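The working numbering applies: residue 265 is where the sequence shown begins, and numbers increase by one.
Take a look at the structure set out below.
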Amino acid sequence: MESSTALTTPTNRPLQLWLLTAGGFFAFFIFGFVDNLKGPTFPNLLDELQFNYAQGGGILLGAYLGFVVATLLAGPLSDWAGNRTILIIAGLLITGGILGFSRANTYPLLFASMLLLGMGTGSIEVGGNGLIVGLHPQAQGRYLNLLATFHGFGSLLVPLYAAWLLDAGISWRQVFQYSIPLVLVLVLLLLLTPAPRTAKMASSGGFDWSTLRRTGFSATMIGFYVAIALYVATEIGIAAWIVEYLIQTKGIAQATAALYLSAFFGMIMIGRIVGSLLVDRIGYLRAIILAMIGAFVAILIAIVAPPALAFCLPLSGLFLSIIFPTMTAAVSRLHPHNTGTILGLLFTAAGLGGSLGPWSIGLASNAWGIGWGFALTLLFCIGVIGTLALLIRQARV
């Protein structure tokens, strides 16, 4: 069985290390690609199957539920079986989910298939981060930001891919099916690359429940769970509502507002490339809190200023970009034991934030208007900044 601890330099060939690194990066590209297939294809699905918005939302909920379940289960499993194994399982789950989703015609089957897809992407979240942490223990911040960049690249590419096929008259079912070869390439690459040899820790090399109980639910870790949930609520909240917000409050045309959304993802990708060169030098928590303050200022300017400064909303992605991977690196450095399990708990909190953030903005917008609802992103930012300030006082990361 593999361990999630760091690779030992003398016993692993450079080619093996970089093949596994490439596998982790490619897994995150697939994560971003598959996870964002839903958006451009969903209108076609609803139209073909005559589903209403409530049913469509229920199907999408399956992906969030699967993600949360996978992050809870994949963490302990990665400490026992290794992150390479988790990524292979993720590829099989995604393949099964795509096959089921692209062939289903009923609500229960679509929900179940989306659940499988969510479990696959949740497993990549845990396995990919854990793999990179183990392969590159001396520069975790750099490599985790690069890892997240590949997710952003997949997210940027998939709307173009889906629009090209749909405009050519290809069914939404085939749009999903044509992504399966990518997943199979990942599984094949990981199967053909030997598992990493790892250094055994003196006190605990894998899963240890007593250590997990003491450290995984400490005050410091609860602070990280709160911070990452509020951060993801901010990022996903902006991504989900930016187009509607710009149309309704700034009078921006729909096509232009959609370009702002693309620019938001583009800023995230650029920010992670730049951040990969800086976060290890600045310090993880210091880099995160500075980035969150920058995001807060950008969002605030976009909300209170005239429409001419609405570009500050996508600009906020430049600051938000480094927060998730850098927080992952901070937690990994704090917990060299049970790393997979603790990252699983961290990503579960992130998944809950991603579900509750857009939902709460929708509720507030329905009650008080989209302007006030979207302003909840500022409260989320304040929550992250306050929590990080407390963490900086408790730990040096």
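Yeah, the Cβ is synthetic: ideal placement off N, Cα and C, and Gly gets one too.
Since we're looking at a predicted model, the values are computed, not measured.
Contact annotation: Ala-291 and Ile-388 have beta-carbon atoms nearer than 8 Å. Between the beta-carbon of Gly-287 and that of Leu-454 there is about 5 Å, and that keeps the pair under the 8 Å contact cut. DSSP places Ser-387 in the helix class (H, G or I) of the three-state scheme.
Inter-residue distance for Asn-393 and Ser-342 is about 11 Å (C-alpha atoms, whole angstroms). In the three-state reduction of the DSSP assignment, His-400 falls in the coil class, being assigned neither a helical nor a strand state. Annotation: Leu-373 to Cys-576 spans about 41 Å, alpha carbon to alpha carbon.
Ser-619 sits in a helix when the DSSP states are folded into three classes. The beta-carbon distance between Thr-457 and Gln-280, rounded to whole angstroms, is 6 Å. This is short enough to meet the 8 Å contact definition.
In terms of Cβ geometry, Ile-586 and Gly-539 form a close pair [threshold 8 Å]. Per the C-alpha coordinates, the member of Ile-350, Ile-323, Leu-324 positioned closest to Leu-336 is Ile-350. Residue state for Tyr-442 is assigned as coil, using DSSP reduced to three classes. Distance from the CA atom of Asp-544 to the CA atom of Ala-403, rounded to whole angstroms, is 7 Å.
Looking only at Asn-369, Arg-406, Ala-354, Gly-398, the smallest Cα-Cα distance to Gly-386 is reached by Ala-354.
Between Gly-339 and Leu-609, the CB-CB gap stays under 8 Å. The three-state secondary structure of Thr-590, taken from DSSP, is helix. Thr-370 is classed as exposed because its beta carbon has fewer than 16 other beta carbons within 10 Å across all chains shown.
Gly-330 sits close to Leu-380, with the two beta carbons spaced by under 8 Å.
Here Gln-319 has Tyr-371 as same chain residues with Cβ atoms under 7 Å from its own Cβ, once five neighbours each way along the sequence are excluded. Assignment of Gly-322 by DSSP, reduced to helix, strand and coil, places it in the helix class. Between Pro-571 and Ala-527, the beta carbon gap of about 15 Å keeps them out of contact (Cβ cut-off 8 Å).
Leu-584 is positioned such that its CB atom lies no closer than 8 Å to that of Ala-613. Here Pro-589 is buried: its Cβ has 16 or more other Cβ atoms, across all protein chains shown, within 10 Å.
With a cut-off of 8 Å on Cβ pairs, the segment 493-507 is in contact with the segment 635-648, counting three or more such pairs. For the pair Gly-382 and Ala-426, the CB atoms are not nearer than the 8 Å cut-off.
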